[in-house]
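A.B. asks: Dumping the structure here so I can ask a few things about it.
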Amino acid sequence: MSEAARLPAALEPRLQSRLPWRLHPEAMAGLLLAGPAVLALTLLLLLPTAALLVLSLTDMELGGPPLRWIGLANYAELLGDPGFRIALRNTLVYVAAVLPLSVALGLGLALLIEGGTRGRAFFRAVFFLPVVSLLVSMATAWEYLLHPTIGPLNRALAAFGIAPVNWLGSSDWVLTSLCMIGVWENLGYVVVLFLAGLTAIPPELRAAAETDGARRGWDRFWLVTWPMLGPTTLFVVTITAIRCLRVFDTVATLTQGGPNKASEVLLHEMYLEGFTYFRIGYSAAITVVFLVVVLGLVLLQTRVLERRVHYQ
Amino acid sequence: MNTAPTRSLLADAPRLAVLSLAALVVLAPYLFMLSASVKPGGEIFQASLNLWPRHFYGWENYHKALTAVPLLRFLLNGAIVCAIVLFFQLLFAVPCAYALAKLRWPGRGLVFALVLLGLLIPAHVPALPLYVAFAKLGLLDSFTALTAPFAISVFAIFMFRQAFKALPDELIQAARLDGMGELAIVWRVILPNAWPTATAFATFSVVAHWNDLFWPLIVIQRQSMATPALGVLFFRSQEGGNDIGALMAASVITTLPMVAAFLLAQRRFIQGVATAGLKG
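Shown next, in the form of structure tokens:
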């Protein structure tokens, strides 16, 4: 740090009037302190992202012939690629199933936890456990749980006379099974975020609603809690949707997209094309689609936020 | 309902019953994982719903898990990766966040705009170009490859900037009058005063990188460089999924460190991971 940066604050106004900004010690300090981060941000995030956009317009293959500029050909190929279309469809189905289920169940559990004093910390911790657990290991545990012949789940179902299901091995069930694991994985996150939102609602509001005739808890929920939770809900939905879009670990661990592509998802398809077949250009195009979907969601959230969620 | 009066246990029973049932479902994979990890293969294949084994086979399963692949090495790798990543994230992000929050300098608005732009980009997006770059530089299969892409966390910059903005300017002016340089102010005055943010970010970062599979799967080929997540995959492919007892033991061992840390510092973890959910 330069000597100038150490000048007492009292001297600064005088200095500022004498020196042009580029010599001002505070400006120097700001630039020096932010510089390394800006450099790293550019090198590790912004330039690679720009490079990705460029790569998606080429036919680059690792260890292949020198790359050529092919315009939008990768994107045209994506449109006609059944593998990609299945991956995109499965990803959207996964989001459409896991998102509402986790949000509804998570909200229900949060309301239950908040609805009394017993066991609050305990249940919160239990539901949050999957969020901090190593997903690859827990997916392995699920695989055992869902095993068609020796799995405890089929065993328990047999007690009710239900025929065994090949949860992860049949193309009819595999996506459903992955969605179940997805809900299990995301639930605790939703619970914790809703709990934070619920604590922020002043209890007087509910008391006032009760005085005004909302006698039943159900009425008070729709009159007070649900509207007051608006911003939290929007946040939870966006975060969970993005977490769902990134589904990868369970697929890579348990199914590798199979059987017969029935559980292929965007990021796994991108991984296969880019890092197994080394079709960098094509894989880059898939990544761009992924990025566009994520950005679309964020944009949607911002629009909704501007329109209607302003209760405070 | 923070002020809800303590109800009688009877009135609270339905609530507790539903919560307990849900908790049991959430805990089911843990219970069966633990159970199978101490059962011999024969008992697992009998597929009884008994959680406790007739023959305790824990020693054998855990011994096999620890020796078939270098499981402890994977845990050590995970710890090293998390430490390096966190060190560089703080090193880059904290001074930048201070400059954004408390100093006036040309380009500040632009840099903050770049940070917000960075927040929108998931880590999977730069992966492909970074992989190509690391491959060309011959850096694959190394700690550099495992950690370098995460050295900068825009989320850390964002989070610390918010926290630093809330600190009073007098704090900084007093430190300057004491003759401290800006760098010393950052590390010895500002950061200690934003300790809750620092621990929240640290837990978020450690959980994220301990559990990450995507990036290690891409840059690591050598078994000895594997992180816990990747190590479990190595173990799975080596065992072919036949020895379920040992596989469950390996799962328990790799899950345990983070779960234990969580149980010891629940509040911190929940705060850290939940606030950091912003990152998306």
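Going line by line, the protein sequences match chains A and B. If you're matching positions, the first sequence starts at 40 in this note's numbering and goes up one per residue. If you're matching positions, the second sequence starts at 9 in this note's numbering and goes up one per residue. Using N, Cα and C, we set each Cβ at its ideal position, and we do this for glycine too.
(1) Could you have a look at A/T156 and say whether DSSP puts it in helix, strand or coil?
(2) So what does DSSP say about B/N10, is it helix, strand or coil?
(3) Excluding the 5 residues preceding and the 5 following A/Y133 in the sequence, name in chain order all residues of the same chain whose CB lies nearer than 8 Å to its CB.
(4) Going along the chain, which residues of its own chain have a beta-carbon closer than 7 Å to the beta-carbon of B/A105, five neighbours each way excluded?
(5) Can you find the residues in the same chain that come closer than 7 Å, C-beta to C-beta, to A/L205, ignoring five residues on each side of it along the sequence?
(6) Return the chain-ordered ranges of every alpha helix (DSSP H) run that is complete within the stretch 297-351 of chain A and spans a minimum of 4 residues.
(7) Let me make sure I understand the geometry here. Which of B/F242, B/L138 and B/A141 has the alpha-carbon closest to that of A/T17?
(8) Would A/G313 and A/S302 be called neighbours here (beta carbons separated by less than 8 Å)?
(9) From A/V337, A/L192 and A/M309, pick the residue whose C-alpha is nearest to that of A/V328; which is it?
(10) Which same chain residues, not among the five before or five after A/R159, have their C-beta less than 8 Å away from its C-beta?
(11) Ignore the nearest five residues each way along the sequence and tell me which others in A/E182's own chain have a CB closer than 6 Å to its CB.
(12) Buried or exposed: where does A/G335 fall if 16 or more other Cβ atoms within 10 Å of its Cβ makes it buried?
(13) Taking any Cβ of chain B, which residues in the stretch 310-324 of chain A have a Cβ under 9 Å from it, in chain order?
(14) In this structure, how does DSSP classify A/T97 when only helix, strand and coil are distinguished?
(15) Quick check: the Cα distance between A/F162 and B/V133, rounded to an integer number of angstroms?
(16) Report the three-state DSSP secondary structure of A/W212 (helix, strand or coil).
(17) Comparing the C-beta of A/D288 with each C-beta of chain B, is any distance below 8 Å?
(18) Taking 8 Å as the threshold (C-beta atoms), are A/T279 and A/L138 in contact?
(19) Is the distance from the Cβ of A/G155 to the Cβ of B/R275 below 8 Å?
(20) DSSP state of A/W108, grouped into three classes?
(21) If we count the other Cβ atoms within 10 Å of its Cβ and call it buried at 16 or more, is B/I226 buried or exposed?
(22) DSSP on B/W60, reduced to helix/strand/coil?
(23) Work out the CA separation of B/A237 and B/F64 for me, nearest whole Å.
(24) For A/F260 and chain B, any beta-carbon pair shorter than 8 Å?
(25) Return the residue from the list A/T250, A/V77 and A/L117 that minimises the CA-CA distance to A/T326.
(26) Measuring only the C-alpha atoms, how far is B/N10 from A/T238?
(27) My guess is that A/L234 and A/M267 are in contact by the Cβ rule of under 8 Å, so how many angstroms apart are they, rounded?
(28) B/F142: buried (16+ other C-beta within 10 angstroms of its C-beta) or exposed?
(29) In the DSSP assignment, find the unbroken alpha helix (DSSP H) run with B/G50 in it and report its ends.
(30) Determine which residues of the stretch 204-238 of chain A have a Cβ less than 8 Å from any Cβ of chain B, and write them out in chain order.
(31) With a Cβ-Cβ cutoff of 8 Å, do B/V162 and B/A183 count as a contact?
(32) What residue range is occupied by the uninterrupted alpha helix (DSSP H) comprising B/F82?
(33) Quick one: which chain B residues come within Cβ less than 7 Å of A/G155?
(34) Tell whether a beta-carbon distance below 8 Å holds between B/P37 and A/L184.
(35) Between A/L344 and B/V123, what straight-line distance do the alpha-carbon atoms span, to the nearest angstrom?
(36) State the Cα-Cα distance for the pair A/R342 and B/P103, rounded to the nearest angstrom.
C.D. replies: Looking at the atomic coordinates:
(1) coil
(2) Its pLDDT being 44, under 50, B/N10 is placed unreliably in this model, and the coordinates cannot settle the point.
(3) L214, L217, C218, G221, C283, V286 and V304
(4) I165, F168, R169 and F172
(5) Note that residue 205 of chain A is Asn in the sequence shown, not Leu. Closer than 7 Å at the Cβ level, and outside the excluded window around A/N205, lie P187 and W212.
(6) 305-310 and 319-346
(7) Outside the shown range of chain A, which is 40 to 351, sits residue 17 of chain A, and nothing can be said about it.
(8) no
(9) A/M309
(10) I152 and E153
(11) L293
(12) exposed
(13) Y310, G313, F314, I319, S322 and A323
(14) strand
(15) 36 Å
(16) coil
(17) yes
(18) yes
(19) no
(20) strand
(21) buried
(22) coil
(23) 27 Å
(24) no
(25) A/L117
(26) With a pLDDT of only 44 at B/N10, under 50, the local geometry of the prediction cannot be trusted, and the value read off the model is given with reservation. If I take the Cα positions, the gap works out to 7 Å.
(27) The Cβ separation is near 14 Å, so there is no contact.
(28) buried
(29) G49 to Q54
(30) W223, L226, G227, Y228, V231, L232, A235, L237 and T238
(31) no
(32) L79 to K110
(33) A12, R15, D20 and R23
(34) yes
(35) 21 Å
(36) 33 Å
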